[in-house]
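In terms of this note's numbering, the sequence shown opens at residue 24 and continues consecutively. The beta-carbon is built from N, C-alpha and C at its ideal position, and this holds for glycine as well. One structure is given below, encoded as structure tokens.
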Amino acid sequence: MLKVEDLTVRVGGREILKGVSLEVGEGEIVALLGPNGSGKSTLLHTIMGRPGYDLVSGRILLNGRDITDLSPYERARLGIGMVMQLPPALKGVKLRELLKRLSSVYGVDSEHLRKLSEELRASNLLDRDLHRGFSGGEMKRVELLLLAAQSPKLALLDEPDSGVDLESLPLLGRTINEIVGASDNRAREKRSAIIVTHVGKILNHIRPVNRAYVMLDGRISCFGNPRDLIEDIERYGFDECLRCLKVI
Ligand code: ADP
Ligand code: MG
């Protein structure tokens, strides 16, 4: 589904990603772990094609097609959707209107979205300016609702569990499972996702994750079984990842 090859990326004149490669197969969910500032969000923004993330080298392939030079809009139309860690507030953009447009562009049933907005306790936010004055939890729930309206083949989820109270995690987990669900009636295709999580809390609430990658200082330092990696990180912290690297 997605192949990221040796990405080196500069942001604001600084090299943030230093040769990142990873793969996400069709139907796979992978977790991306790593301390603050290691480059996780930068990687997702680069995959989405956000301006300001300057590619020094490397390429991004979606189902074998090189999408490195495509605009975010074109990538979205090919099936990539993203939940931002800190989505911008958009004055004058109403959630209701945006949902309507997305559901018509991406052919998602509006009744399904109405139900989902109730489930996600977002009905009272429909006529407000998007993310303006939203609480952390409201932002995350609305971002998932917007992602559902895109019905993406590849979902990029940047810390969907940060700033969210523990009671909301099962609800967010259920919604992510639905978005990344095993199959879709229209296309009968498997969905894939990259989930960035600082502490891994959300992973207890979604369907099994195939692989976890650890990112340190702009590089993928290792990958493996998510449960084992998270257990080690919880016990020893990311410092141990650094030591582990030095041993290698
Ligand atoms: P993570 O998501 O792993 O916490 P980020 O990808 O957000 O990390 O950031 C990685 C590094 O890139 C940080 O040191 C951050 O300060 C830097 N960075 C991110 N955006 C910019 C920018 N627009 N200008 C300069 N540096 C940036
Ligand atoms: Mg981040």
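Whole-angstrom distance between residue j and residue i, CA atom to CA atom
i	j	result
Leu85	Leu67	14 Å
Arg155	Ala112	5 Å
Asn248	Ala235	6 Å
Gly35	Glu134	42 Å
Gly48	Lys138	30 Å
Phe157	Gly186	12 Å
Gly130	Val232	28 Å
Ser215	Ala99	14 Å
Asn200	Ile52	10 Å
Val165	Ile202	13 Å
Val116	Cys264	43 Å
Leu153	Arg33	29 Å
Met24	Glu46	8 Å
Thr69	Val106	13 Å
Arg250	Ile243	18 Å
Leu148	Asp184	20 Å
Lys114	Glu257	40 Å
Arg73	Ser94	8 Å
Asp207	Gly223	With a pLDDT of only 48 at Asp207, under 50, the local geometry of the prediction cannot be trusted, and no value is derived from it.
Tyr259	Gly60	19 Å
Residue i, enclosing alpha helix (DSSP H) - first and last residue
i	result
Lys123	Leu118 to Tyr129
Ser215	Premise fails: Ser215 lies in the beta strand (DSSP E), Ser215 to Val219, not in any alpha helix (DSSP H).
Val165	Gly159 to Gln173
Lys41	No alpha helix (DSSP H) contains Lys41, which is instead part of the beta strand (DSSP E) from Arg37 to Val47.
Arg258	Pro249 to Tyr259
Leu139	Ser133 to Glu142
Ala145	No alpha helix (DSSP H) contains Ala145, which DSSP labels as neither H nor E.
Gly196	Leu192 to Ile202
Leu67	Lys63 to Met71
Met100	According to the sequence displayed, residue 100 carries Arg and not Met. It spans Pro95 to Arg100 - the alpha helix (DSSP H) in which Arg100 sits, taken as one unbroken run.
Residue interval of the beta strand (DSSP E) (run including residue i)
i	result
Leu239	Arg234 to Leu239
Ala28	Ala is not the amino acid found at residue 28; the sequence shown has Glu there. Taken as a continuous stretch (DSSP letters only), the beta strand (DSSP E) holding Glu28 covers Leu25 to Val34.
Ser80	Tyr76 to Leu85
Ile52	Ile52 to Leu56
Leu180	Leu177 to Asp181
Met105	Ile103 to Val106
Closest residue to residue i among the options (Cα-Cα distance)
i	options	result
Met71	Val116, Leu125, Leu180 and Glu134	Leu180
Leu56	Leu252, Arg33 and Ser140	Leu252
Arg151	Ser44, Leu118 and Val219	Leu118
Glu190	Ile225, Arg214, Ile202 and Ser215	Ile225
Gly50	Arg230, Asp255 and Ile256	Arg230
Ser64	Ser94, Leu239, Arg88 and Leu167	Leu239
Glu142	Gly223, Thr198 and Gly75	Thr198
Glu97	Ala54, Val128, Glu257 and Leu168	Val128
Glu28	Ala54, Pro74, Val79 and Arg73	Val79
Leu30	Met162, Tyr76 and Pro95	Tyr76
Ser44	Gly81, Glu254 and Pro110	Gly81
Heavy atom of the ligand PLP within 8 Å of residue i beta-carbon
i	result
Asp181	Absence of the ligand PLP is noted for the structure shown, with the ligand ADP and the ligand MG being the only ligands found.
Same chain, Cβ closer than 6 Å to residue i, five either side skipped, listed in chain order
i	result
Gly104	Leu170, Gln173, Pro175 and Ala178
Phe246	Arg234 and Tyr236
Phe261	Pro58
Leu136	Leu122, Ser126 and Ala172
Ser140	Ser146 and Leu168
Lys213	Glu49 and Gly50
Neighbourhood of residue i by C-beta, 8 Å cutoff - its chain only, sequence neighbours within 5 removed
i	result
Pro193	His228
Asp132	Ser126
Gly160	Gly186, Val187, Asp188 and Ser191
Gly196	Ile225, Asn227, His228 and Ile229
Beta-carbon proximity list for residue i, same chain, < 7 Å, skipping 5 on both sides
i	result
Glu182	Gln108, Val219, Thr220 and His221
Gly62	Ile39, Leu40, Met238 and Gly241
Leu101	Leu85 and Ile90
Lys26	Glu46 and Leu84
Task: Nearest-residue set for the ligand ADP, Cβ under 6 Å from any heavy atom - done: Val34, Gly35, Arg37, Ile39, Gly57, Asn59, Gly60, Ser61, Gly62, Lys63, Ser64 and Thr65
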